[in-house]
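Student: Below is the structure I would like to discuss, written out as structure tokens.
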Amino acid sequence: MFTDKTVLITGGTGSFGKQCVRDVLAQFKPRRLIVYSRDELKQFEMQQEFAGDEMRFFIGDVRDPERLKQAMRGVDFVIHAAALKQVPAAEYNPMECIKTNIYGAENVIKAAIDNGVRKVVALSTDKAANPINLYGATKLASDKLFVAANNISGEGGTRFSVVRYGNVVGSRGSVIPFFKKLAAGGASELPVTDDRMTRFWITLPQGVQFVLKAFQRMQGGEIFVPKIPSMGIVDLAKAIAPGLPIKIIGIRPGEKLHEIMCPADDSHLTIEFEDHYVIKPTITFFSPLDYSVNQLGERGRPVPQGFEYNSGSNREFLTPDQLREMIK
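Here it is as structure tokens:
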């Protein structure tokens with residue numbers, strides 16, 4: 058798919074970007090692999106690990122449309138991973154989150170269309186489904202922009218799709234490194250917001266592979282959702298620090314007890330495949346598309362009316378031992 062092609066990753070110095078670069082280089086032979094981000098120190102550090110002739114490091118912000126247009130010249134595929142993701146930070150700095158997550162998405166779309174990029178996959182989050190915090194609301198708006206962009210590009214133009222998944226095991230800012238740090242520092246207890254809380258969990262390599270597969274599966278306009286396990290926050294705490302007491306501190310602003318990836322209100326648009334779901338667009342594009350059969354020939358079937366993919370009612374739950382194995 059990516060051999061002898063040019064791939065650009067926005068937010069390429071983040072946890073996802075580094076793993077994606079590692080996997081693309083291991084599985085393909087791209088002509089160019091462009092890491093686009095605004096952090097010069099992280100780019101310098103990545104250059105020490107990835108020093109091949111195909112590597113390019115572009116300093117730039119997704120808020121800067123002209124820089125994006127320059128960076129996307131001759132690019133075949135774009136993975137849009139750049140975002141402001143911290144829920145409390147977004148609540149305190151709403152316009153900064155909007156500028157990056159919404160205006161930045163619009164800039165990526167325009168630059169991709171102007172440069173004739175073949176396919177774009179944008180990363181989303183479970184918090185974009187029925188959002189209750191600003192971060193989730195901006196990602197929902199971003200998802201809608203990327204889906205509708207297929208109409209703007211027109212038949213034969215750039216195709217856009219979205220990948221939505223849950224918490225990433227061990228990623229920067231996640232609860233696992235936080236719990237590990239507390240346990241290693243000799244904490245007498247672990248703070249848990251609510252003992253009923255559940256979350257979807259996916260490893261970084263799994264997330265990257267799902268995104269790369271989406272480029273092969275996509276027709277344009279889909280939201281891809283992987284089937285992944287859930288875990289209770291109490292079991293997670295037990296996995297990180299067995300025997301350490303738990304202190305219930307209450308749900309933080311903008312938090313839910315359970316996360317949703319396929320809302321019940323979208324059940325009439327949701328198709329179930331063997332290892333993932335697809336949420337069809339609510340609008341009709343240039344010509345009718347059959348989303349029940351993807352570009353790999355995989356077939357799906359409609360879910361029952363009222364179906365909801367919820368971390369609390371998920372069919373698969375991780376045990377503490379399974380999580381410890383994932384962390385390894």
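Residues in the sequence shown are numbered consecutively from 58, following the numbering used here.
Note that CB positions come from ideal geometry on N, CA and C, so glycine has one too.
Quick caveat, the model's predicted, so the values are computed rather than measured.
Taking the straight line between their C-alpha atoms, what separation do you get for Lys304 and Gly289?
Tutor: 15 Å
Student: When DSSP builds the beta bridges, which residues end up paired with Ile259?
Tutor: Val225
Student: So who's on the other strand from Val92, going by DSSP bridges?
Tutor: Ile66, Phe114
Student: What are the boundary residues of the beta strand (DSSP E) that includes Lys126?
Tutor: Per DSSP, Lys126 belongs to no beta strand (DSSP E); it is in the alpha helix (DSSP H), 122-128.
Student: May I ask you to list the residues that DSSP assigns as paired with His325?
Tutor: Answer is none; His325 lacks a bridge partner.
Student: Tell me which same chain residues have a C-beta within less than 6 Å of the C-beta of Val265, skipping the five on either side of it?
Tutor: Gln76, Cys77, Asp80
Student: Since Val232 is in the beta strand (DSSP E), which residue starts that stretch and which ends it?
Tutor: Val232 -> not in any beta strand (DSSP E); alpha helix (DSSP H) instead, spanning 232-241.
Student: Given Gln263, which residues of its chain have a CB within under 8 Å of its CB, disregarding the five upstream and five downstream residues?
Tutor: Pro283, Ile285
Student: Just curious, the alpha helix (DSSP H) that Pro188 is in, first and last residue?
Tutor: Segment: none, Pro188 is in no alpha helix (DSSP H) and carries neither H nor E.
Student: According to DSSP, what are the bridge partners of Ala168?
Tutor: Bridge partners of Ala168: none, in fact.
Student: I think Glu246 touches Pro302, with their Cβ atoms under 8 Å apart; what is that distance to the nearest whole Å?
Tutor: 4 Å
Student: Out of Phe343, Pro320, Val174, which one is the CA nearest neighbour of Gln362?
Tutor: A check of alpha carbon separations from Gln362 across Phe343, Pro320, Val174 identifies Pro320 as the nearest.
Student: Cβ-heavy atom distance between Lys99 and the ligand SAH below 6 Å?
Tutor: In the structure on display, the ligand SAH does not appear, and there are no ligands present to speak of.
Student: Pick from Ile189, Arg216, Leu239, Met383: whose alpha carbon is nearest that of Pro310?
Tutor: Ile189
Student: Roughly how many angstroms separate the alpha carbons of Thr60 and Asp323, rounded to a whole number?
Tutor: 36 Å
Student: Under a three-way DSSP split, which group does Lys86 fall into?
Tutor: Coil.
Student: Which one or two residues does DSSP pair with Ala146 in a beta bridge?
Tutor: Bridge pairing for Ala146: absent [DSSP].
Student: Of all the CB atoms in chain C, is at least one closer than 7 Å to the CB of Phe236?
Tutor: The displayed structure is made up of one protein chain only, and chain C is not part of it.
Student: Give me the DSSP bridge partner(s) of Val249.
Tutor: Ile305
Student: Measure the alpha-carbon distance for Arg89 versus Thr63 and round it to whole angstroms.
Tutor: 5 Å
Student: Less than 7 Å between the beta carbons of Ile392 and Ala206, yes or no?
Tutor: Since the first and last residues shown for the chain are 58 and 385, residue 392 lies out of range.
Student: Pair every Cβ in the stretch 150-169 with every Cβ in the stretch 100-112, then say whether three or more of these pairs are closer than 8 Å.
Tutor: no
Student: By Cβ distance below 6 Å, which residues in the same chain neighbour Val204 in space, the five residues on each side in sequence not counted?
Tutor: Gly278, Pro338
Student: Pull up the DSSP beta-bridge partners for His137, would you.
Tutor: Thr67, Ala179
Student: May I have the straight-line CA-CA distance separating Gly242 from Tyr149, to the nearest angstrom?
Tutor: 29 Å
Student: Report buried or exposed for Ser370, applying the criterion of at least 16 other Cβ atoms within 10 angstroms of its Cβ.
Tutor: exposed
Student: Go through its chain and collect everything with a Cβ distance to Ala271's Cβ below 7 Å, but skip five positions before and after it.
Tutor: Val178, Ser218, Val220, Phe281
Student: So the candidates are Lys99, Met129, Asn187; which of them puts its Cα closest to the Cα of Leu314?
Tutor: Asn187
Student: Using DSSP's beta-bridge definition, name the partner residues of Tyr334.
Tutor: Val282, Glu329
Student: Can you tell me which of Glu355, Thr67, Leu380, Glu365 puts its alpha carbon nearest to the alpha carbon of His137?
Tutor: The candidate whose alpha carbon is nearest that of His137 is Thr67.
Student: Does the stretch 91-108 come within contact of the stretch 160-174, defined as at least 3 CB pairs closer than 8 Å?
Tutor: no
Student: For Ile340, does the three-state DSSP call read helix, strand or coil?
Tutor: coil
Student: What separation, rounded to the nearest whole angstrom, lies between the Cα atoms of Gly74 and Asp347?
Tutor: 31 Å
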